[in-house]
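Take a look at the structure below.
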DNA sequence: ACTTCGATCAACCAAAAGGTTGATCCTGGC
DNA sequence: GCCAGGATCAACCTTTTGGTTGATCGAAGT
């Protein structure tokens, strides 16, 4: 059986070198190409397709400095922009906020791994992704399980979106403009968010959402 | 002349593998050991000293998941805890916030590099550090210059205290009670804070203060 | 077909936050 | 001694939020 051909997408040369070295040590996995942002990744996929050497798995970072971010790139890959069939995309990133995970899954990612994972775990994930299965980091999986067990009122995607804008310091008017909705709708969403988080003002909502890793802060 | 012996300190196996592979490709540089947090770094330094094989440069990440963080570790190394003479510590991290840079420099770091730097730049920095010189990433240097030209108004201790309670989600009344002052005073402080941070509401103040790492969040 | 639920909006009122002016007190420098 | 600046408070007013009620629409599930 042929090696699994992987495309690395990460803006850090150090990380790419690490993955190259790490994956190169494993039998059955070959690094076919590398890209430093989403745009380069799409180009590389198209090029390799044209050569008749399609990649089997894309290993993608989420936050990518200047260029196209990982979620956008994943969406476009899954939309077939770089050729059909679109390869599975495995997210490999540093953070595990709900917002990131949700966005990645919605974009069509078939896995979500964390960069502090041991090599063996990363290898397994690549194999799973290549086999068409999904692969979640234990931390991520645990969070999702806990969410199911605990009737912790789940926030909708839209609500998380609002929360993120909230955390940037925007007022209701600003949020409304960003999302192309009315201020009234923003207020309604906020009331729902407050209810679900058990708070009664925006700063407390940010505090709780940060603590529960619903949104990410650096 | 002997190779420069480097100690890698980073909690991500992927990054360590990357640096190992990257530095290994350069003549004159050898990776003597690795550590996944500050505590392990101190231990490794002491051990290598005892063996009569001291390291010449420590390559240190700042944010290190669970264990001792990079600033603390740097301070302890420079204090001679892992043997004299203390080797130069070169910070290699992802973020370049003012607070991180200042903290690292105060702790005694002899350089501050960013992880998205090209390999050659990292190599040069290691060589500089080994030679006893300082090495700043261009981005970092630019920020420091801008900071000197444009000194940001400093927040008073009391104001930072306010900011921390603010980030908790407390209202003005709650903050007043916590600090045993009147609501009027809280408002006055807030107006000053908004002015210094260049914002006009509490959530934006939290956002900016977080970004500038004036306050800590997790 | 019916229900549920997320997303959208409106109108209204109460509460909180923001902005301004001005004042006192104390401490540390010059 | 004088001045600057931090910390404290008050009164007043405007704007923003928060809370409530009620409504429409569409998609997903029963």
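Protein chains in written order, with the working numbering: chain A, -14 to 203; chain B, -14 to 203. Heads up, the beta-carbon is just placed ideally off N, CA and C, and yes, glycines get one too.
- A direct Cα-to-Cα measurement between residue 34 of chain B and residue 26 of chain B gives close to 12 Å.
- Going by DSSP, residue 168 of chain B is part of the alpha helix (DSSP H) stretching over 168 to 182.
- Here residue 120 of chain A is near residue 114 of chain A, since their CB atoms are less than 7 Å apart.
- For residue 164 of chain A, DSSP assigns no beta-bridge partner whatsoever.
- Residue 172 of chain B is not a Cβ neighbour of residue -3 of chain A, given a cutoff of 7 Å.
- Rounded to whole angstroms, the separation of the alpha carbons of residue 139 of chain A and residue 163 of chain A is 23 Å.
- For residue -10 of chain B, the pairing in a beta bridge is given by DSSP as B:15.
- When Cβ pairs closer than 8 Å are counted between the two stretches, the region 1 to 21 of chain A is seen to touch the region 5 to 23 of chain B, the count reaching three or more.
- For the pair of segments examined, the region 59 to 68 of chain A was found not to touch the region 172 to 188 of chain A: the number of CB pairs separated by less than 8 Å stays below three.
- Counting the other CB atoms within 10 Å of its CB gives residue 50 of chain A a total below 16, which places it among the exposed residues.
- Per DSSP, residue 75 of chain B is one residue of the beta strand (DSSP E) stretching across 74 to 78.
- Residues of the region 31 to 50 of chain B with a Cβ closer than 8 Å to any Cβ of chain A, in chain order: 50.
- For residue 45 of chain B, the three-state secondary structure derived from DSSP is strand.
- Under DSSP, the beta-bridge partners assigned to residue 120 of chain B are B:96.
- Interface annotation, residue 2 of chain B: in contact with chain A, CB-CB separation under 7 Å.
- Taking 7 Å as the CB threshold, residue 177 of chain B stays off the interface with chain A.
- Among the residues of the region 162 to 192 of chain A, those with a Cβ less than 8 Å away from any Cβ of chain B are 184, 186, 187, 188, 189, 190, 191 and 192, in the order of the chain.
- The three-state reading of DSSP puts residue 71 of chain B in coil, since its state is none of H, G, I, E or B.
- Cα atoms of residue 89 of chain A and residue 80 of chain A: separation of roughly 12 Å, rounded to the nearest angstrom.
- Under the DSSP assignment, residue 34 of chain A falls in the alpha helix (DSSP H) whose first and last residues are 23 to 35.
- For residue -9 of chain B, the closest alpha carbon among the candidates B:127, B:75 and B:93 is that of B:75.
- Nearest CB-CB separation between residue 104 of chain B and chain A: below the 7 Å threshold.
- Of all alpha-carbon atoms in A:183, A:141 and A:96, the one lying nearest the alpha-carbon of residue 124 of chain A is that of A:96.
- Annotated three-state conformation of residue 20 of chain B is strand, per DSSP.
- Among the residues of chain B, none has a CB under 7 Å from the CB of residue 28 of chain A; the nearest is roughly 20 Å distant.
- Taking every protein chain shown into account, the CB of residue 72 of chain A has 16 or more other CB atoms within 10 angstroms, so this residue is buried.
- Secondary structure of residue 195 of chain A (DSSP, three-state): helix.
- For residue 7 of chain A, the nearest CB of chain B lies under 7 Å from its own CB, placing it at the interface with that chain.
- Distance between residue 23 of chain A and residue 42 of chain A, taken at the CA atoms: about 15 Å.
- Neighbours of residue -2 of chain B in chain A, taken as residues whose beta carbon is under 9 Å from its own, are 3, 7, 100, 101, 102, 103, 104 and 107 in chain order.
- Of the candidates B:53, B:112, B:160 and B:39, B:39 places its Cα closest to the Cα of residue 68 of chain B.
- At a Cβ-Cβ threshold of 7 Å, residue 153 of chain B and residue 192 of chain A count as neighbours.
- For residue 154 of chain A, at least one C-beta of chain B is nearer than 7 Å to its own C-beta.
- In the same chain as residue 110 of chain B, and ignoring 5 residues on each side of it, the C-beta atoms closer than 7 Å to its own belong to 75, 96, 98 and 120, in chain order.
- Ranked by Cα distance from residue 188 of chain A, the first of B:199, B:200, B:151 and B:11 is B:151.
- DSSP, reduced to helix, strand and coil, places residue 57 of chain A within a helical segment of the structure shown.
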